[in-house]
Amino acid sequence: MPWIGIRDATAAHGFTLHDTVEHTNQLGIENSSARVLPANTVCLSRTASVGYVVVMGRPMATSQDFVNWVCSDDLDFRFLKYVLLAERDSFHMFASGSVHQTIYFPEVKAFHICLPPIKEQRRIADVLSALDDKIELNRRMNGTLESIARAIFKSWFVDFDPVRRKMEGGDPGLPPDLAALFPDAVSDSALGELPSGWRVGCLGDVAVQVRDSVKPSDILAATPYFGLEHLPKRSIALGDWTTADGVASGKSRFAVGDILFGKLRPYFHKVGPPPVAGVCSTDIVVVRPLASEYFALVLGHLSSDEFVDHANAASSGTRMPRTSWRDMAAYPIAVPPRAVCTAFEAMAGPLVDLTWGNITRSRTLSCLRDTALPVLLAGELALSTPEGDDAYAT
Numbered sequence: 034m035p036w037i038g039i040r041d042a043t044a045a046h047g048f049t050l051h052d053t054v055e056h057t058n059q060l061g062i063e064n065s066s067a068r069v070l071p072a073n074t075v076c077l078s079r080t081a082s083v084g085y086v087v088v089m090g091r092p093m094a095t096s097q098d099f100v101n102w103v104c105s106d107d108l109d110f111r112f113l114k115y116v117l118l119a120e121r122d123s124f125h126m127f128a129s130g131s132v133h134q135t136i137y138f139p140e141v142k143a144f145h146i147c148l149p150p151i152k153e154q155r156r157i158a159d160v161l162s163a164l165d166d167k168i169e170l171n172r173r174m175n176g177t178l179e180s181i182a183r184a185i186f187k188s189w190f191v192d193f194d195p196v197r198r199k200m201e202g203g204d205p206g207l208p209p210d211l212a213a214l215f216p217d218a219v220s221d222s223a224l225g226e227l228p229s230g231w232r233v234g235c236l237g238d239v240a241v242q243v244r245d246s247v248k249p250s251d252i253l254a255a256t257p258y259f260g261l262e263h264l265p266k267r268s269i270a271l272g273d274w275t276t277a278d279g280v281a282s283g284k285s286r287f288a289v290g291d292i293l294f295g296k297l298r299p300y301f302h303k304v305g306p307p308p309v310a311g312v313c314s315t316d317i318v319v320v321r322p323l324a325s326e327y328f329a330l331v332l333g334h335l336s337s338d339e340f341v342d343h344a345n346a347a348s349s350g351t352r353m354p355r356t357s358w359r360d361m362a363a364y365p366i367a368v369p370p371r372a373v374c375t376a377f378e379a380m381a382g383p384l385v386d387l388t389w390g391n392i393t394r395s396r397t398l399s400c401l402r403d404t405a406l407p408v409l410l411a412g413e414l415a416l417s418t419p420e421g422d423d424a425y426a427t
């Protein structure tokens, strides 16, 4: 049974949840104050991280950190979701507590909203949902693109599938020009069997750390800013960032083509190539491949579970363990001939470019949705339905 927690709400704010980080079962439900709620239940986080909104995509339960609405036929659940999204900044007015902010149920039960007729609710929700659906489609597409890139990386640089297939006398499953780049034999090494002609090296052989510190006074307010909270977990789709407006401490510059890696545990799985140039927190290591053909190779290693295990083992510190570029650079890798790296970049690079394009489009759609949201909810933009037609016109 999916169990919605704060981590689920912060990661999927404004969208529909179909699965959760944690799960329970019927026995767990029976021994708690929670109950299973139906699909399309609207959930609002009311403690700690106040104001996050998600919708249940199937029957689920939630922790006590949420207040949940099961909508009647007079209330479109999507309309309620958008009302809660529009009023997010207002919720803190009703929260109590200096350290642990909480909205208590008497305040929640006193909430009032302006409710148009159900047909008008649906028209408004249809417009806004169309934008959200496209954003969600872009997110899923990026997940697919990343899965393809990871599969190719593992096949070529971890399992050495083309080499082993040629050794067995089989088809390596690649076009002839690519197949010719891989040998038909392996050699023993400190890392185990490696394709003949490849060598044992380390991450520092193909990438360097960029240290380009900048003072807050030298940063333009509109400069894109990435903190640890913006880096993705177990994903390279780095699509969330803010601006440097109000940045109070020194930051590091980075460029398109660099890779950002969170150096504090448990942020080692947070890695991604930014689609824009900007500045980032000093808790992030800026990694730059030594050559353009090494970009996909370096990204593949930095985002792998094996590299995270290495960073964990090498990290030091009690309260906030962290890794260093020295430890990162020492990560052992199989270094292939540059021609193999060039071929991999030619395949994986366009997948990253497509991911960046989807991120840009999604941010544009999000801006459009956020602009239209208060206008539609306030009735300032009328949606009329042509007689005899279910379509709407503005």
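Heads up: the sequence shown begins at 34 in my numbering, then just goes up one per residue. In this text, a Cβ means the ideal position worked out from N, Cα and C, and glycines have one as well. It should be emphasised that the depicted structure is a prediction, and the values quoted were computed from it without experimental measurement.
(Q) Could you give the first and the last residue of the continuous alpha helix (DSSP H) run that contains Leu330? (A) 328–335
Q | Alpha-carbon spacing of Asp422 relative to Gly333, whole angstroms | A | Confidence at Asp422 is low in this model, with a pLDDT of 45, below 50, so the placement of that residue should be treated as unreliable; the coordinate-derived value is given next. Cα atoms of Asp422 and Gly333: separation of roughly 51 Å, rounded to the nearest angstrom.
Q) Does the distance from the C-beta atom of Gly234 to that of Pro265 stay below 9 Å? A) no
**Q.** Collapsed DSSP secondary structure at Ile269 in the structure displayed
**A.** coil
Q.
Ignoring anything shorter than 4 residues, give me the alpha helix (DSSP H) runs that lie fully in the segment 173–235, in order along the chain.
A. 194–200, 209–212
**Q.** Closest residue to Val103 among Val247, Leu398, Leu70 (Cα-Cα distance)
**A.** Residue Leu70 is the option with its Cα nearest to Val103.
Q | Buried versus exposed, by CB contacts within 10 Å (16 or more), Pro228 | A | buried
Q: To the nearest angstrom, report how far apart Thr256 and Ala277 are at their CA atoms.
A: 5 Å
Q) Hey, Met380 and Ala329: beta-carbon distance below 9 Å or not? A) yes
Q: Scan the segment 64–131 and note each continuous beta strand (DSSP E) run of 3 residues or more that stays entirely inside, going in chain order.
A: 75–78, 86–89, 99–102
Q: Take Gly382 and list the residues in its own chain whose beta-carbon comes closer than 8 Å to its own, dropping the five residues that flank it on each side.
A: Excluding residues within five positions, the ones whose Cβ falls inside 8 Å are Phe328, Ala329.
Q: Could you spell out where the alpha helix (DSSP H) holding Phe377 opens and where it closes?
A: Here the alpha helix (DSSP H) through Phe377 covers 371–410.
Q) Considering Trp36, what are the terminal residues of the beta strand (DSSP E) in which it resides? A) Note, Trp36: beta strand (DSSP E), 35–37.
Q: Determine the closest residue to Ile366 out of Arg298, Thr315, Leu224, with distance taken between C-alpha atoms.
A: Leu224
**Q.** Assigned exposure category for Gly272 - 16 Cβ within 10 Å defines buried
**A.** buried
Q.
Just verifying my parser: in three-state terms, what is the DSSP assignment at Thr43?
A. helix
Q) According to DSSP, which residues form a beta bridge with Ser285? A) Ser246, Cys313
Q: Indicate whether the contact test is met: 3 or more Cβ pairs, each with one atom in the segment 244–254 and one in the segment 284–292, closer than 8 Å.
A: Yes, since at least three Cβ pairs between the segment 244–254 and the segment 284–292 fall closer than 8 Å, the two stretches touch.
**Q.** Contact belief for Glu179 with Thr388 at Cβ below 8 Å, rounded distance in angstroms
**A.** 7 Å
(Q) Check whether the segment 147–156 and the segment 345–364 touch, using three or more Cβ-Cβ pairs below 8 Å as the test. (A) no
Q.
With a threshold of 6 Å on Cβ separation, who are the neighbours of Ser66 within its own chain once the five nearest residues in sequence on each side are excluded?
A. none
Q) What is the rounded straight-line gap between the Cα of Ala372 and the Cα of Phe215? A) 10 Å
Q.
What would DSSP say about Leu414, mapped onto helix, strand or coil?
A. When secondary structure is reduced to three states using DSSP, Leu414 falls in the coil class, being assigned neither helix nor strand.
Q. Are there 16 or more other CB atoms within 10 angstroms of the CB of Ala163, so buried, or fewer, so exposed?
A. Flag for Ala163 reads exposed.
Q: Jot down the residue ranges of each uninterrupted alpha helix (DSSP H) in the segment 332–368, minimum 4 residues, whole runs only, in chain order.
A: 338–347, 358–362
Q) Is the segment 36–46 touching the segment 93–101, taking contact as three or more C-beta pairs under 8 Å? A) As far as the Cβ criterion goes, the segment 36–46 touches the segment 93–101, which means the pair count is three or higher.
Q) Looking at C-alpha atoms only, which residue of Gly130, Lys142, Ala240, Leu410 is the closest neighbour of Ser82? A) Gly130
Q. Does the Cβ of Ser105 have 16 or more other Cβ atoms within 10 Å, making it buried, or fewer, making it exposed?
A. exposed
Q | Proximity of Leu406 and Ala119 at Cβ, strictly below 9 Å | A | yes
Q) If you run the structure through DSSP and keep just helix, strand and coil, what is Val319? A) strand
(Q) Going by DSSP in three states, Leu50 sits in which element: helix, strand or coil? (A) strand
Q.
Assuming contact is defined by CB atoms lying nearer than 9 Å, are His51 and Gly90 in contact in what I supplied?
A. yes
Q | Same chain only: Cβ atoms within 7 Å of Phe127, ignoring 5 sequence neighbours per side | A | Ile136, Glu140
Q) When the distance is taken between beta carbons, is Trp36 closer than 9 Å to Thr49? A) no
Q) Which of the three DSSP states, helix, strand or coil, is assigned to Lys152? A) helix
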